[in-house]
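Here the structure comes first, spelled out in C-alpha cells, and everything after it is commentary.
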Amino acid sequence: MSVKALAMRDVLLDRIWQAMATDQKIFFVSADFGSPILDKIRADFPERFVNVGIAEQNLINVSAGLALEGYTVFAYAIAPFITMRCYEQIRVSLALLSEVRPMNVNLIGVGAGYSYVVSGPTHQCYEDITLMRALPNFKVLSPSDHVCAGRLFDRCVGAMGPKYLRLDAQVLPVLYLADTPDMDAGFHIHRRGERVCLVATGYMLHSALKVAEKLAMAGHSVGVIDLFDIADFSADRLQAALSSYAGIVTLEEGFRGRGGVDAMLFEFIARRGLAARMLNIGVEGAYRFELGSREELHEQVGIGPEFILKSVTTFIQSLPK
Amino acid sequence: MNVSLIDLREKSHWVWRETLAVHRRAPETRLASSLSSIEIFVALYYGGVLRFDPAQPLAEHRDRCIISKGHGSICMYPILADLGYFPIEELQRVCQVGSFLGGIPDPVIPGYETVNGSLGHGLGVATGMALGLKRKGSDRSVFVVSGDGELHEGANWEAIMFASQHKLDNLHLIIDDNRISMLGYTDDIVSHGSLLERLSAFGWDCLEVDGHDVLAVQAALLTMKASCAGKPKALIAGTLKGRGVPGLENAPLSHIMNPKPELIDSLLEQNP
Numbered sequence: 656m657s658v659k660a661l662a663m664r665d666v667l668l669d670r671i672w673q674a675m676a677t678d679q680k681i682f683f684v685s686a687d688f689g690s691p692i693l694d695k696i697r698a699d700f701p702e703r704f705v706n707v708g709i710a711e712q713n714l715i716n717v718s719a720g721l722a723l724e725g726y727t728v729f730a731y732a733i734a735p736f737i738t739m740r741c742y743e744q745i746r747v748s749l750a751l752l753s754e755v756r757p758m759n760v761n762l763i764g765v766g767a768g769y770s771y772v773v774s775g776p777t778h779q780c781y782e783d784i785t786l787m788r789a790l791p792n793f794k795v796l797s798p799s800d801h802v803c804a805g806r807l808f809d810r811c812v813g814a815m816g817p818k819y820l821r822l823d824a825q826v827l828p829v830l831y832l833a834d835t836p837d838m839d840a841g842f843h844i845h846r847r848g849e850r851v852c853l854v855a856t857g858y859m860l861h862s863a864l865k866v867a868e869k870l871a872m873a874g875h876s877v878g879v880i881d882l883f884d885i886a887d888f889s890a891d892r893l894q895a896a897l898s899s900y901a902g903i904v905t906l907e908e909g910f911r912g913r914g915g916v917d918a919m920l921f922e923f924i925a926r927r928g929l930a931a932r933m934l935n936i937g938v939e940g941a942y943r944f945e946l947g948s949r950e951e952l953h954e955q956v957g958i959g960p961e962f963i964l965k966s967v968t969t970f971i972q973s974l975p976k
Numbered sequence: 150m151n152v153s154l155i156d157l158r159e160k161s162h163w164v165w166r167e168t169l170a171v172h173r174r175a176p177e178t179r180l181a182s183s184l185s186s187i188e189i190f191v192a193l194y195y196g197g198v199l200r201f202d203p204a205q206p207l208a209e210h211r212d213r214c215i216i217s218k219g220h221g222s223i224c225m226y227p228i229l230a231d232l233g234y235f236p237i238e239e240l241q242r243v244c245q246v247g248s249f250l251g252g253i254p255d256p257v258i259p260g261y262e263t264v265n266g267s268l269g270h271g272l273g274v275a276t277g278m279a280l281g282l283k284r285k286g287s288d289r290s291v292f293v294v295s296g297d298g299e300l301h302e303g304a305n306w307e308a309i310m311f312a313s314q315h316k317l318d319n320l321h322l323i324i325d326d327n328r329i330s331m332l333g334y335t336d337d338i339v340s341h342g343s344l345l346e347r348l349s350a351f352g353w354d355c356l357e358v359d360g361h362d363v364l365a366v367q368a369a370l371l372t373m374k375a376s377c378a379g380k381p382k383a384l385i386a387g388t389l390k391g392r393g394v395p396g397l398e399n400a401p402l403s404h405i406m407n408p409k410p411e412l413i414d415s416l417l418e419q420n421p
C-alpha cells in the first residue's frame, strides 16, 4: 500500500481543523498537550480553542459546560491522564449527565498501551479500556491506523453522547483504504480463517496480522478481526463473523483478565450462545519499569508476536478436532 | 407570580417552615445544610437576580444556576414548587417510590441543571458554561451555590484559576460559608482562613455578606451581577448550619443530626 503512514492524532486533528472553519459549534479543549496540527487550530480558531493547563479535572468539567451550551467538544490530553486523573468528573458530568441532557464530548487520549515506550508506567496506559467501557453511555473507539482514526471524526460529530478515543502515540503502518473500514459495524474482518479467529484492537491488530501470516506458513489459516468500536459494535454482525470459529483469541495492549476486551468478548460469546473456546492475550497484571523497544517490552509482558505465535499454536492444537 | 412584590423575609420564613416539613416527612434529607442556604436561594429566585422560566427550565434565555452543594439544597424543593417548576403536591412525596425528589437532588428535577450529589463538580462545569455563553455572544449569567466545606475539593481551585484567567465576569460563585462539614468545623479540619483574601488573590472580585439577611444578600447579588469588570465574582455569605433549630444550629456534627419529629412539630407551631 503506497499511502504514507501518519500519526493518528495528526489526521484526526486535521479533520477537526478543517471542520472548524465551517462548523462554528466545534470547540477544542486541551490540557496543555499539543501537536503541530493543534498549532493550526490555536492560530486559526482562538475563540474556540482553550488550554485549561495541566488540569484534567477542569478539562472534563469545562468540556461538559461547553457541551451543555450546545458545543461539540473535543478534549485532548495524554491517555492515562484524560481517563484516570479525572474519572469521577467523567462519570458524573459526562456519563451520568448525558443520561438526561444532550451532550457531545469527545475525549481524545493519546498514548494507548506502551506507545510512550520509554516514559514508563505513568505515561503508558493499560487500564483505560476496562475503565471507559464500564461507563454507560460512553463509546470507546480504538483505531489501529491513521485512516481509521481520521474516519472516527465523522462518528464523533455524527452522534451525541460522550466518547473516548484511544490513539496510539506512534506512527503505525497503514492498514486501511479510505473507504474501509465499515464504521457502522464497529469492526473489520482483515482475514478469514478456518478454526481460530484473532480479535485485536489498536496496535495489537498489527501483531495479530504478523502472527496470522506466520501461522499461515505453518499451515494454520486463522481469521483476524479489528475491533475498533469496543462498546458499540454491531452485535449481530460480530456474531455472524465469529460463529464459524471453534476458538477465539483476544489481543489487547492492556491488562489481561481485568475487564478489558477479553472480558467483553467472554460476555459476548456467553450471551450469544457461541460455542467457541477462548484464549486471552494481554499484559500480565503488574507494573514494569524495564526499558526496551516496544516489541521487547511486549515479549516481556506476554503480548509479543513470538509469545502470541507459540500460545496460539498450542491453543489450536488443544481444540477438539 | 410577580416576584418584585414579594416580601423576601416572609418568603424566607415560609421556605424555612416548608424545609422543616419536608424533612419531617423525609428524614433521609440533609436538614442542617439546607437551612443555611435558604436566604441565598430566596434572594436568587425571588429577589430579581435570576432570569428563569419555570415553563421552560432549560430555555436558552435563562440565567444558569448550578446548585453545587446538592444535598444541602432541600430548601429548593419548596422554592421550585412555589415558582411552578412542578406541582406543590410533590413535596408530600419526597424520597418516596416514584417521586423525582430524592434525598439528594438530581438533574431529573425541573430547575436543577447538572449532577451535584457528588461535591466539587458544579463550579468547573459552570466555568465551561460561562465560557460557552461568552463565545456565543450571550448576555446570560451563571450562578453557582457552593459550600465552604465543598471548597476542599481541589477541582474547584482548577476552575477558580481558569475563571480569572479567562475574565469570566458572567460567572458568580456564592459560598454558603456555614463553616461546618460532616465531621466538624472546617477551621479545625482544613481551614480556608479568609476566603475573601484567598479568592481575591486568585483574581476574583469578592464581597462578604450576612447570609441570613436576605435583603443584604439580594443587594449584594444585584450589585455583583451589574458589575462586569473582567473578573469572576464571589459572594461569601456567612451562615449558620441548622439555623433556627435548637441543638442543630451551628453544632459541629449538625450535618448528620436529625431533630426529633416532636421538636419539628413544636418549632412549626411556635413559628407560624
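Residue numbers (the numbering used here), protein chains in the order written: chain A, 656 to 976; chain B, 150 to 421. Note that the Cβ used here is the ideal one computed from N, Cα and C, for glycine as well. Fair warning: this is a prediction, and the values are worked out from it, not measured in the lab.
Look at residue 767 of chain A and residue 667 of chain A and say whether their C-beta atoms are less than 7 Å apart.
Taking C-beta atoms as the reference points, residue 767 of chain A and residue 667 of chain A fail to come closer than 7 Å.
Contact belief for residue 277 of chain B with residue 717 of chain A at Cβ below 8 Å, rounded distance in angstroms
That belief holds up - the Cβ atoms of residue 277 of chain B and residue 717 of chain A are roughly 4 Å apart, short of 8 Å.
Where residue 908 of chain A sits in the DSSP three-state scheme:
DSSP places residue 908 of chain A within a strand segment (E or B) once states are collapsed to three.
Over the uninterrupted alpha helix (DSSP H) stretch that includes residue 717 of chain A, give me the two end residues.
Element bounds for residue 717 of chain A: 711-723.
Residues in its own chain within less than 7 Å of residue 711 of chain A by CB, not counting five upstream and five downstream?
Correct list, in chain order: 686, 732, 736, 737, 740, 741.
Anticipated Cβ contact below 8 Å, residue 389 of chain B with residue 185 of chain B, distance rounded
Their Cβ separation, rounded to whole angstroms, is 6 Å, which keeps residue 389 of chain B and residue 185 of chain B in contact under 8 Å.
Identify every run of the beta strand (DSSP E) within the stretch 761-836 of chain A, keeping only runs that are complete inside it and at least 3 residues long; order them along the chain.
Listed in chain order, the beta strand (DSSP E) elements of length 3 or more contained wholly in the stretch 761-836 of chain A are 794-796, 816-822.
If the cut-off is 9 Å on Cβ atoms, which residues from the stretch 344-355 of chain B count as contacting chain A, listed in chain order?
Result list empty, no residue passes.
Helix, strand or coil, according to DSSP, for residue 875 of chain A in the structure here?
In this structure, residue 875 of chain A counts as coil in the three-state DSSP scheme.
May I ask which residues mark the beginning and end of the alpha helix (DSSP H) holding residue 305 of chain B?
Here the alpha helix (DSSP H) through residue 305 of chain B covers 304-314.
Between the alpha carbons of residue 877 of chain A and residue 947 of chain A, how many angstroms are there, rounded?
Distance between the alpha carbons of residue 877 of chain A and residue 947 of chain A: 30 Å.
Since residue 726 of chain A meets chain B, which of its residues come closer than 7 Å, beta carbon to beta carbon?
Per Cβ cutoff of 7 Å: 281.
Give the list of continuous alpha helix (DSSP H) stretches no shorter than 4 residues that lie fully inside the stretch 225-307 of chain B.
Entirely contained in the stretch 225-307 of chain B, the alpha helix (DSSP H) runs reaching 4 residues are, in chain order, 225-232, 271-285.
Within 10 Å of its beta-carbon, does residue 154 of chain B have 16 or more other beta-carbons around it, so buried, or fewer, so exposed?
Counting every other CB atom within 10 Å of its CB across the protein chains shown gives residue 154 of chain B a total below 16, marking it as exposed.
Quick one: grab the DSSP three-state call for residue 361 of chain B.
Judged by DSSP in its simplified three-state form, residue 361 of chain B adopts coil rather than helix or strand.
Determine, using beta carbons only, whether residue 748 of chain A comes closer than 7 Å to chain B.
Closer than 7 Å to some Cβ of chain B, the Cβ of residue 748 of chain A qualifies, so yes.
The alpha helix (DSSP H) spanning residue 838 of chain A covers which residue range?
Per DSSP, residue 838 of chain A is not a residue of any alpha helix (DSSP H), being assigned neither H nor E.
Quick one: is residue 340 of chain B buried, meaning 16 or more other Cβ sit within 10 Å of its Cβ, or exposed?
Classification of residue 340 of chain B: exposed, given that the 10 Å Cβ count is below 16.
Using only the alpha-carbon positions, how far apart do residue 227 of chain B and residue 237 of chain B sit?
When rounded, the distance between both Cα atoms is 7 Å.
Spatial neighbours of residue 730 of chain A within its chain, please: CB distance less than 6 Å, with the 5 preceding and 5 following residues excluded, ordered by chain position.
In the same chain as residue 730 of chain A, and ignoring 5 residues on each side of it, the C-beta atoms closer than 6 Å to its own belong to 684, 714, 718, 762, in chain order.
Quick check: the stretch 845-857 of chain A against the stretch 880-895 of chain A, are at least 3 beta-carbon pairs closer than 8 Å?
A contact between stretches requires three or more CB pairs, one per stretch, nearer than 8 Å, and the stretch 880-895 of chain A meets this requirement with the stretch 845-857 of chain A.
Pull up the CB-CB distance for residue 256 of chain B and residue 755 of chain A, whole angstroms please, since I reckon it's below 8 Å.
Right, their Cβ atoms sit about 5 Å apart.
At least one CB of chain A closer than 7 Å to the CB of residue 383 of chain B: is that the case?
Any Cβ of chain A closer than 7 Å to the Cβ of residue 383 of chain B would place that residue at the interface, and such an atom is absent.
Which one or two residues does DSSP pair with residue 683 of chain A in a beta bridge?
Residue pairing by DSSP places residue 683 of chain A opposite A/704, A/729 in a beta bridge.
Assuming residue 100 of chain B and residue 279 of chain B are in contact, meaning their beta carbons sit under 8 Å apart, how far apart are those beta carbons, in whole angstroms?
Since the first and last residues shown for chain B are 150 and 421, residue 100 of chain B lies out of range.
So what does DSSP say about residue 195 of chain B, is it helix, strand or coil?
Helix, per DSSP.
Residue 116 of chain B by DSSP, collapsed to three states: which one?
Past the edges of chain B, shown from 150 to 421, lies residue 116 of chain B, and the structure says nothing about it.
Between residue 181 of chain B and residue 391 of chain B, is the Cβ-Cβ spacing less than 7 Å?
Closer than 7 Å, so yes.
Got a sec: is the Cβ-Cβ distance from residue 311 of chain B to anything in chain A below 7 Å?
Chain A contact via Cβ: present.
Considering only their Cβ atoms, is the gap separating residue 395 of chain B from residue 333 of chain B smaller than 7 Å?
Using a Cβ distance threshold of 7 Å, residue 333 of chain B and residue 395 of chain B do not count as a contacting pair.
Contact between the stretch 373-383 of chain B and the stretch 298-307 of chain B: three or more CB pairs below 8 Å?
Contact between the stretch 373-383 of chain B and the stretch 298-307 of chain B is absent, because fewer than three Cβ pairs lie under 8 Å.
Mind listing the chain A neighbours of residue 264 of chain B? Cutoff is C-beta to C-beta under 7 Å, in chain order.
Residues of chain A passing the Cβ test: 747, 748, 751, 752.
Cβ neighbours of residue 905 of chain A in the same chain (closer than 6 Å, five flanking residues each side left out):
Answer for residue 905 of chain A: 854, 916, 917, 920, 935, listed in chain order.
Cα-Cα separation between residue 800 of chain A and residue 823 of chain A, rounded to whole angstroms
Residue 800 of chain A and residue 823 of chain A: Cα-Cα distance of roughly 8 Å.
Going by DSSP in three states, residue 200 of chain B sits in which element: helix, strand or coil?
Three-state DSSP puts residue 200 of chain B in coil, outside helix and strand.
Mind reading off the beta-carbon distance from residue 796 of chain A to residue 810 of chain A? Whole number of angstroms is fine, and I expect it under 8 Å.
Correct: roughly 7 Å between the Cβ atoms.
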